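Since the structure comes first, as structure tokens, the remarks are kept for the end.
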Amino acid sequence: MAKLGRPSRPLDVRLMEKIIIPPMCTWEHEDRCWEWVGAKTGAGYGLIWDGKCMVLAHRVMYNLFIDLTFPIRSNDRSIVLDHRCRNKGCVNTFHLQVVSQRENTARGRLCDLKNKTSIYRGVHWDKKSKKWHVQAQLNGKRVYLGRFHNEVEAAAAYQNFLKDNNEF
Ligand SMILES: [Zn+2]
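To get this note's numbering, take the position in the sequence shown, counting from 1, and add 15.
Structural data, given as structure tokens:
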């Protein structure tokens with residue numbers, strides 16, 4: 016018997032209703048952000064009611080699709096579910112990665128050049144060359160990492176740079 020005022024439909028069904036998923040016609044599908052259109056925290060993270068309290072939508076997504084043991088509600092601040100795309104409203108599980116708080120802070124500190132044309136950090140579109148340019152900052156200096164036809168390859172170059180410099 017359903018109780019009044021309680022959501023009767025499963026969490027995963029209600030979750031998927033609040034996500035705008037890009038068209039699945041190409042492999043790029045995996046690389047685009049899935050935008051959360053439901054309630055959000057002040058910081059921009061998706062929120063959903065799990066029957067008892069409001070929980071973070073991207074954590075629920077990670078739990079449902081990647082790792083059922085991943086805690087949706089966690090008081091353990093040493094484990095952070097990081098958005099590799101830096102889009103807090105994104106719930107694409109391909110963009111989520113479990114990192115330690117220390118790693119997350121290090122990534123935030125390695126601030127790269129802001130741009131609006133790519134969802135990936137350090138990647139921006141160059142109209143002249145019609146390629147994706149990759150730049151990072153290390154010890155206060157700009158480092159040019161190259162130009163790429165493919166946005167994802169450009170993002171990978173950036174990630175590799177972070178790894179090579181122990182910032183990942
Ligand atoms: Zn994303």
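Cβ coordinates follow ideal geometry from the N, Cα and C atoms, glycine included. All figures in this text were calculated on a predicted structure; none of them were measured in a lab.
Distance, residue j Cα to residue i Cα
i      : j      : result
Ala12  : Val70  : Only positions 16 to 183 of the chain appear in this structure, which leaves residue 12 out of reach.
Gly155 : Arg24  : 51 Å
Ile81  : Phe176 : 26 Å
Arg162 : Lys67  : 49 Å
Phe85  : Val95  : 11 Å
Gly53  : Lys103 : 13 Å
Exposure of residue i, with buried meaning 16 or more beta-carbon neighbours within 10 Å
i      : result
Arg136 : buried
Ser133 : buried
Arg88  : exposed
Leu153 : exposed
Lys131 : For Lys131, the predicted model reports a pLDDT of 45, less than 50, meaning its position is unreliable and no value from the coordinates is stated.
Residue range of the alpha helix (DSSP H) that includes residue i
i     : result
Val70 : Unbroken run through Val70 is the beta strand (DSSP E), 69–71; no alpha helix (DSSP H).
For residue i, the residue or residues it bridges with in DSSP
i      : result
Leu196 : Here the chain covers residues 16 to 183 and nothing more, so residue 196 does not appear.
Asp141 : Lys146
Leu153 : Lys156
Leu62  : Leu71
Arg162 : His148
Val95  : Val114
Limits of the beta strand (DSSP E) - the one that residue i falls within
i      : result
Val114 : 111–115
Val28  : Note, Val28: premise wrong, no beta strand (DSSP E); alpha helix (DSSP H) at 26–32.
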